[in-house]
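Have a look at the structure below before the remarks.
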Amino acid sequence: MKKVLGVTLGILTAIGGFVDIGDLVTNALVGARFGLHLAWVVIVGVIGICLYAEMCGRVVAMSGRPVFDLIRERLGPRTGLLTLVASFLVTLLTLIAEIGGVALAFELASGVNYLLWMPLAAFAVWLVIWRVKFSRLEQVFGLMGLLLVVFAVALFKLGPDWGELLHQATRPHPIGHEDWSTYAYFAIALFGAAMTPYEVFFFSSGGVEEKWTRRDLVTARSNVFVGFPLGGILSLAIMGCTAVLFLPAGIQVGTLGQVTLPVAVALGKIGLAIVLIGVFAATFGAALETALSCGYTIAQYRGWQWGKLVRPREASRFHVVMIVCIVLAMLTLLTSVDPVLVTEYSVVFAAMALPLTYLPILIVANDPDYVGKETNGPLRNAFGLVYLALLVVASLAAIPLMIITKGGQ
Amino acid sequence: MRRAVAITLLTILILSGCGSPDQKLRSAAAQSARSAASEVSTTRLAVEQLRAQHLWTRSAGQIVKDAEKGVETAASSFSAQQPSTPTSTRLYEQVTKTLDDAQTAVTAVRIALGNDDLAAAEQQLPALRQSATDLSRIGELAQ
Amino acid sequence: MPRTPDTSGRVLHAQLHLLDRQLIDQADGHLAGKIDDVELDLDADPPVVAALITGRERITARRIAAIDTAVTVVVEDLDLDYYDNWVENHVIAKIPGAGDATE
Amino acid sequence: MRLNDLLGRRVLDTHGDVIGGVADVRLVQDGPMLVSMQRALRVDGLIVVENRATRLFGYERHVGPELLRRLVHWRLGEVWYLPWDDVEDITDDAVTTARSRTDLHRLEDFARY
Numbered sequence: 001m002k003k004v005l006g007v008t009l010g011i012l013t014a015i016g017g018f019v020d021i022g023d024l025v026t027n028a029l030v031g032a033r034f035g036l037h038l039a040w041v042v043i044v045g046v047i048g049i050c051l052y053a054e055m056c057g058r059v060v061a062m063s064g065r066p067v068f069d070l071i072r073e074r075l076g077p078r079t080g081l082l083t084l085v086a087s088f089l090v091t092l093l094t095l096i097a098e099i100g101g102v103a104l105a106f107e108l109a110s111g112v113n114y115l116l117w118m119p120l121a122a123f124a125v126w127l128v129i130w131r132v133k134f135s136r137l138e139q140v141f142g143l144m145g146l147l148l149v150v151f152a153v154a155l156f157k158l159g160p161d162w163g164e165l166l167h168q169a170t171r172p173h174p175i176g177h178e179d180w181s182t183y184a185y186f187a188i189a190l191f192g193a194a195m196t197p198y199e200v201f202f203f204s205s206g207g208v209e210e211k212w213t214r215r216d217l218v219t220a221r222s223n224v225f226v227g228f229p230l231g232g233i234l235s236l237a238i239m240g241c242t243a244v245l246f247l248p249a250g251i252q253v254g255t256l257g258q259v260t261l262p263v264a265v266a267l268g269k270i271g272l273a274i275v276l277i278g279v280f281a282a283t284f285g286a287a288l289e290t291a292l293s294c295g296y297t298i299a300q301y302r303g304w305q306w307g308k309l310v311r312p313r314e315a316s317r318f319h320v321v322m323i324v325c326i327v328l329a330m331l332t333l334l335t336s337v338d339p340v341l342v343t344e345y346s347v348v349f350a351a352m353a354l355p356l357t358y359l360p361i362l363i364v365a366n367d368p369d370y371v372g373k374e375t376n377g378p379l380r381n382a383f384g385l386v387y388l389a390l391l392v393v394a395s396l397a398a399i400p401l402m403i404i405t406k407g408g409q
Numbered sequence: 410m411r412r413a414v415a416i417t418l419l420t421i422l423i424l425s426g427c428g429s430p431d432q433k434l435r436s437a438a439a440q441s442a443r444s445a446a447s448e449v450s451t452t453r454l455a456v457e458q459l460r461a462q463h464l465w466t467r468s469a470g471q472i473v474k475d476a477e478k479g480v481e482t483a484a485s486s487f488s489a490q491q492p493s494t495p496t497s498t499r500l501y502e503q504v505t506k507t508l509d510d511a512q513t514a515v516t517a518v519r520i521a522l523g524n525d526d527l528a529a530a531e532q533q534l535p536a537l538r539q540s541a542t543d544l545s546r547i548g549e550l551a552q
Numbered sequence: 553m554p555r556t557p558d559t560s561g562r563v564l565h566a567q568l569h570l571l572d573r574q575l576i577d578q579a580d581g582h583l584a585g586k587i588d589d590v591e592l593d594l595d596a597d598p599p600v601v602a603a604l605i606t607g608r609e610r611i612t613a614r615r616i617a618a619i620d621t622a623v624t625v626v627v628e629d630l631d632l633d634y635y636d637n638w639v640e641n642h643v644i645a646k647i648p649g650a651g652d653a654t655e
Numbered sequence: 656m657r658l659n660d661l662l663g664r665r666v667l668d669t670h671g672d673v674i675g676g677v678a679d680v681r682l683v684q685d686g687p688m689l690v691s692m693q694r695a696l697r698v699d700g701l702i703v704v705e706n707r708a709t710r711l712f713g714y715e716r717h718v719g720p721e722l723l724r725r726l727v728h729w730r731l732g733e734v735w736y737l738p739w740d741d742v743e744d745i746t747d748d749a750v751t752t753a754r755s756r757t758d759l760h761r762l763e764d765f766a767r768y
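Chains as they are written, first to last, in the working numbering: chain A, 1 to 409; chain B, 410 to 552; chain C, 553 to 655; chain D, 656 to 768.
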């Protein structure tokens, strides 16, 4: 019984933890501009993250080694350093966006400028990392993030023409004033938002923090194979809401207020309250995850003591990295750069850093030294290779498309 | 001789790839109009939802504040254009006026919401709808 | 068919199994850096691995306790935590709650 | 000698021709007894690859997605195993062997572990 509870809790946490500012903004933006004509990318992205997160979970459960250990071991110090710099910068950019997101949620609820909320949000992120136990932090914000289910409720309440939505979803091509270059650009953005590298850093390091062993494989797999797809459905619901409400009205999404507006339209003030709490939980939880991931990647590359399972003073360099990152995020936001814009770019840069992150995972998930008999079967490897090819294509196409479309305009 | 010069000029113009100045302006107008239309419709939606008591005044105020900034950006990016033919000058003036109207309406709503004056905000609804229609029409001028 | 190499002992590859692996302190299980290089004594008979290098420290081969997905070593008097201790004493220890377990 | 200096070093055969570069060092744990009651890691030989890339990703052991392994091997060219007894000399820029290129053993021909 206790076990079932644990598994359920893990799944719920995974659903809530899946959606972050990147998913919120990108899905809403794409829904408003392309309807559901890009929905397939979310599905492709979710399958990809399931595939690779499962490999990470297996490697952690069988060997106790988190992802960045593998990256340095298999790619060596030089290529490893390149991967570190790329994925660290993307994660830092995401942290900036998440802290900005928390502040924007407060701005919407209070009408007080987000720049005033931001230092408070940053401090709260640090305090929680400093003082709160890992499992608690994961559960509280994961469960609160579940409130974003309100997007799915709102979609039903808006009473869309389901046939029309299905029609859009099954026709993968640009519409209206969009052309193939913006279509491809936002496909990469959605892909990057779903497969963003910090998810595997956090997932695998979290496995070490919670001392996973072979027995926890079931938990790890159920989190991945049930939790993530349900999180993906949440993403699609967000896209559906803006597709129904904004696409016909010619409204483009550029602010967090617009992201939450469909819920208010469908469910009124209560809906708005729920969605704002959900957005706060999702972005705050993701801010914790990205701040921790900044520390995890550097500490694991250098071999420093890391993790929240020891007292802060025993992992001093790990904590210093996180403090520096949070301060950097705060300073960046103080230049009054638009957090939503930072989000839009962060997901595209994420797509660029993906191949080097995922290659070592695929290699090690086949290595009996790490996973014993639990190596990848031929089917997993075939999928793994297809996704690796997709990641390489997305990574190479990201910058040229960013230039051609002027950042998706 | 003259003909050769004309042909050369035309070739350069075509090769340079930016099309005629008229076309360039039309495309800039369409783009600015589309993003302004988006902000105007957002404002309209916010006011309607406020009237239906689906939004808090604070949140609606924030949404409209952001929309106002968006319209300003669209208007100022278009006003930086350089019309060089009589046709473009006419278009330029017309689009600038439509963008100005949009800006006025959105600003009026922002001020009304700032004063907690829902009635004044609702009065702008017809203007917002009209403005969105006009902008959408300009938005169809080019890709 | 060529002669099969002598495989009476466990076979490892220096680059694959040692280089860039995580070091673990046997005493408390703490992470203690990466193996940045391996020192080979090729003049000995037979030639052997003489030491593991991490940062500026040299860990002689007799301190190696186990080689797995990470390498466990007997640290004792080696100062592998020099920088971590410096940061701890100058920064982290000054923040309230640094020595407490999380709740 | 440091491993990082040895990896990537040119390997010359008995005629002085370059046959490749050092990619890894095979160790066998059957050396002299150490204080910690463990045997020392004895250097058993060198893994030499034709195209001098230093990263094998562990693929000499026949693991990994088949396609990826083939791709890596295709880049590496031939992979040979040079037992320590056949290593004649190690200088600052090259490893020399008494064998000639034609009678080198391919790593694949040795028993896997």
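Positions of the beta carbon are idealized from the N, C-alpha and C atoms, including for glycine.
Pick from the options: whose alpha carbon is nearest that of residue i?
i	options	result
Gln491/A	Thr516/B, Ala514/B, Leu454/B and Pro430/B	Outside the modelled stretch of chain A, which goes from 1 to 409, sits residue 491/A, for which no answer is possible.
Phe88/A	Leu81/A, Arg136/A, Cys294/A and Val371/A	Cys294/A
Gly607/C	Glu628/C, Leu575/C and Ile647/C	Leu575/C
Tyr345/A	Pro174/A, Phe280/A and Gly408/A	Gly408/A
Leu83/A	Leu390/A, Thr8/A, Ala109/A and Leu354/A	Looking at the sequence shown, residue 83/A is not Leu but Thr. It is Leu354/A whose Cα lies nearest to the Cα of Thr83/A.
Val563/C	Ile702/D, Glu763/D and Val683/D	Val683/D
Gly285/A	Lys3/A, Ala39/A, Ile404/A and Phe18/A	Phe18/A
Leu570/C	Asn637/C, Ile647/C and Leu604/C	Leu604/C
Leu522/B	Arg460/B, Leu550/B and Gln440/B	Arg460/B
Asp580/C	Arg573/C, Thr621/C and Asp633/C	Asp633/C
So residue i contacts chain A; which residues on that side make the cut at Cβ distance below 8 angstroms?
i	result
Ala639/C	Contrary to the premise, residue 639/C reads as Val rather than Ala in this sequence. Result: Ser316, Arg317 and Val320.
Ser540/B	Under the 8 angstroms cutoff, chain A gives no residues; its nearest Cβ is about 12 angstroms from Ser540/B.
If you drop the 5 nearest sequence neighbours on each side, which residues of the same chain put their C-beta closer than 6 angstroms to that of residue i?
i	result
Met55/A	Ile361 and Ala365
Ile674/D	Val666, Asp668 and Arg756
Phe246/A	Ala32
Ser540/B	Val449, Asp510, Ala511 and Ala514
Asp775/D	Residue coverage of chain D in this structure runs from 656 to 768, which leaves residue 775/D outside it and unanswerable.
State yes or no: is the C-beta of residue i within less than 8 angstroms of the C-beta of residue j?
i	j	result
Phe765/D	Tyr736/D	yes
Val601/C	Ile611/C	no
Val504/B	Thr452/B	no
Leu363/B	Ala442/B	Lying outside 410 to 552, the shown extent of chain B, residue 363/B is not represented and no answer is given.
Gly64/A	Arg72/A	no
Asp589/C	Leu658/D	yes
Leu401/A	Ser181/A	yes
Ala39/A	Met195/A	no
Ile96/A	Leu333/A	yes
Leu108/A	Thr260/A	yes
Ala228/A	Cys50/A	What sits at residue 228/A in the sequence shown is Phe, not Ala. In this structure, Cys50/A lies closer than 8 angstroms to Phe228/A by Cβ.
Met118/A	Tyr370/A	no
Can you name the residues of chain B whose CB is closer than 8 angstroms to the CB of residue i?
i	result
Val347/A	Correct list: empty, because the minimum Cβ distance to chain B is about 21 angstroms.
Using the beta-carbon of each residue, which ones in chain A are nearer than 7 angstroms to residue i?
i	result
Ala446/B	Gly250
Thr654/C	Arg131, Val132, Lys133 and Lys308
Phe712/D	Arg74 and Ile363
Arg573/C	Glu73
Report the CB separation of residue i from residue j in whole angstroms; it is logged as a contact under 8 angstroms.
i	j	result
Ile11/A	Val226/A	5 angstroms
Leu434/B	Gln490/B	6 angstroms
Leu356/A	Leu75/A	7 angstroms
Phe151/A	Leu234/A	6 angstroms
Pro598/C	Arg697/D	5 angstroms
Apart from the five residues just before and just after residue i, which ones in its own chain have a Cβ nearer than 7 angstroms to its Cβ?
i	result
Leu424/B	Summary for Leu424/B: the model assigns pLDDT 46, below 50, so the residue's position carries little reliability; its value from the coordinates is reported in the next sentence. None.
Val677/D	Leu661, Leu662, Gly663, Arg664, Val666, Leu701, Val703 and Val750
Trp739/D	Val698, Asp699 and Gly700
Ala695/D	Gly686, Pro687 and Leu689
Just to make sure I have the definition right: I need the residues of chain D whose C-beta is within less than 9 angstroms of the C-beta of residue i. Which are they?
i	result
Ile616/C	Leu689, Ser691, Gln693 and Leu696
Just to make sure I have the definition right: I need the residues of chain D whose C-beta is within less than 7 angstroms of the C-beta of residue i. Which are they?
i	result
Val600/C	Gly686, Ala695, Leu696, Arg697 and Val698
Gly607/C	Those within 7 angstroms of Gly607/C in chain D number zero; the least Cβ separation is about 14 angstroms.
For a contact meaning CB atoms closer than 8 angstroms, what does residue i contact in chain C?
i	result
Gln139/A	Here the premise fails: no neighbours, minimum Cβ distance about 14 angstroms.
In chain order, what residues of the same chain have a beta carbon less than 8 angstroms from the beta carbon of residue i, not counting five sequence neighbours either side?
i	result
Arg171/A	His37
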